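If you read the protein sequences in the order shown, they are chains D and U.
With our numbering applied, the first sequence corresponds to residues 1 to 247, in that order.
With our numbering applied, the second sequence corresponds to residues 1001 to 1095, in that order.
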Amino acid sequence: MEEWRFIDFGLVDIRDMMAMDEAILKSDEGNTFFFWTPKKSIILGFFQKADIELDIPKCKDYTITRRISGGGIAFSDERCRQINYGVVGTIDNELFPMDIIGSYKQICGVLIDTLLHYKLNAAFRPINDVVVDNKKISGNAQTRWEGKLLQNGTLLLDFDIEEMLRISNIPKEKFLDKKIASVREGLTWLDRELGEQRDMEEIKNVIKEKFEERFHVGLKSGTLSEKEKELTNTLSPKYYSHEWVYR
Amino acid sequence: MVLKKVQGIHKSKGGLIRSFVKAENGKIKEISISGDFFLFPEEAFFKIIDELKGIRAKREEVENKIEEIYRRENIQSPGTLPADFTESIMKALEV
């Protein structure tokens, strides 16, 4: 059976993680699946402006950066109960379809299989969400580079909606009870769905198994190559820079 | 650069598009767009922003320009069409 590299980066500073993320995509170390858990942070989508999407003065104790893929804010509170993942794969029209929504569906299928394992009513909601009973439990974002794709996503185990609403810059005309109610009704997380806190390592192991089944590969623990480490060091200043984050 | 004037908000199937536009003598002078949509290749987005400057602030001309850039740059934006960007921009131009 083909082996792909697996890395668990653990609890990370999101700026370092985004540099490693880009380095894995832009190096040539083969298909890779990786996990991390973000410290208290906000990641802007490529097309988002910080001062439009966020109430900046309220974000002082958050680390803010931007990723190279589109989509919306990835918000991580101090509970740190999120499993984030990355996949780098060569687009082959089998395991990783050329069609954008098809490729989201394929990778999100790993999370859906995981949630089904926990007997939850999980489904793919195009373009890039995984839902349980139509409530978003996972957001995903993809970019492509030289015949490869990079997809990042999160599985929420716990989530502080009130805190996200506090720091988000919701347009005045939408700042109504209805809007807040709809955000509350539109999101969920694993601890709530299961009625208990499961061990994060146990859930990661289920995700890994489902990944191996879906892609018909074995995941072998590895590390960044020297080339990837060098590229990470080169890319890292961007993710710490004012120009990149507040452009 | 953020133009804190009229915000044009339009939701496409692919995400929320928030536009800020300043027009002068009927032409787009400054423009800024923020949103949670997806667009490939990402860098082509800046060409849209750059090339809309100087265009007449008319729906048809804005949409034609964006469509032209889509074709030239092979842009894909699942769930978001040139017409969606145009709608957001036109809303920002309404006073």
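All C-beta atoms in this analysis are idealised placements derived from N, C-alpha and C, irrespective of residue type, glycine included.
Since this is a predicted model, take the numbers as computed values, not measurements.
- Within the region 19 to 66 of chain D, the complete alpha helix (DSSP H) runs of at least 4 residues fall at 50 to 53.
- DSSP, reduced to helix, strand and coil, places residue 1076 (chain U) within a strand of the structure shown.
- Per DSSP, the beta bridge partners of residue 82 (chain D) are D:156.
- Residue 88 (chain D) and residue 32 (chain D) have their C-alpha atoms some 5 Å from each other.
- At a beta-carbon threshold of 8 Å, the residues of chain U lying near residue 143 (chain D) are 1040, 1042, ordered along the chain.
- Just measuring C-alpha positions, the residue of U:1064, U:1066, U:1068, U:1031 sitting nearest residue 1008 (chain U) is U:1031.
- By the Cβ-count criterion, residue 129 (chain D) is buried, with 16 or more other Cβ atoms from all chains shown falling within 10 Å of its own Cβ.
- Under a criterion of Cβ atoms nearer than 7 Å, no residue of chain U is adjacent to residue 186 (chain D); the nearest Cβ is some 14 Å distant.
- Two segments are said to touch when three or more pairs of C-beta atoms, one from each, lie closer than 8 Å; by this definition the region 145 to 156 of chain D touches the region 78 to 94 of chain D.
- Under the three-state reduction of DSSP output, residue 194 (chain D) falls in the helix class.
- Counting C-beta pairs with one atom in each stretch, the region 36 to 43 of chain D and the region 92 to 102 of chain D have fewer than three that are closer than 8 Å, which means they do not touch.
- With respect to the 8 Å criterion, residue 1029 (chain U) and residue 1051 (chain U) are not classified as neighbours on the basis of their beta carbons.
- In the structure shown, residue 128 (chain D) falls within a coil segment according to DSSP collapsed to helix, strand and coil.
- Under a 10 Å Cβ-count criterion, residue 205 (chain D) is classified as exposed, with fewer than 16 other Cβ atoms of the shown protein chains found around its own Cβ.
- Across the structure, residue 1056 (chain U) and residue 211 (chain D) are spaced so that their CA atoms are roughly 51 Å apart.
- It is roughly 42 Å from the alpha-carbon of residue 184 (chain D) to the alpha-carbon of residue 225 (chain D).
- At least 8 Å separates the beta-carbon of residue 90 (chain D) from that of residue 14 (chain D).
- The Cβ-Cβ distance between residue 135 (chain D) and residue 187 (chain D) falls below 8 Å.
- For residue 48 (chain D), at least one C-beta of chain U is nearer than 8 Å to its own C-beta.
- Separation of residue 119 (chain D) and residue 198 (chain D) (C-alpha to C-alpha, rounded to the nearest whole angstrom) is 14 Å.
- Secondary structure of residue 215 (chain D) (DSSP, three-state): helix.
- At a cut-off of 8 Å between beta-carbon atoms, residue 45 (chain D) makes contact with chain U.
- In the DSSP assignment, residue 1057 (chain U) falls outside any alpha helix (DSSP H), carrying neither H nor E.
- Beta-bridge partners assigned by DSSP to residue 110 (chain D): none are found.
- Against chain D, a Cβ distance below 7 Å from residue 1014 (chain U) picks out 127.
- Counting the other Cβ atoms within 10 Å of the Cβ of residue 234 (chain D) gives fewer than 16, which makes it exposed.
- For the options U:1015, U:1062, U:1092, U:1094, the alpha carbon positioned closest to that of residue 46 (chain D) is the one of U:1015.
- Using beta-carbon distances, residue 72 (chain D) counts as an interface residue toward chain U, with a partner under 8 Å.
- At least 8 Å separates the CB of residue 146 (chain D) from every CB of chain U.
- By the beta-carbon neighbour count (other beta carbons within 10 angstroms, threshold 16), residue 60 (chain D) is exposed.
- Contacts with chain U at 8 Å (Cβ-Cβ) include residue 53 (chain D).
- A Cβ-Cβ separation of about 6 Å places residue 207 (chain D) in contact with residue 110 (chain D) under the 8 Å criterion.
- Secondary-structure assignment with DSSP links residue 135 (chain D) through a beta bridge to D:132.
- Within chain D, 47, 48, 49, 52, 53 have C-beta atoms less than 8 Å from the C-beta of residue 1034 (chain U), given in sequence order.
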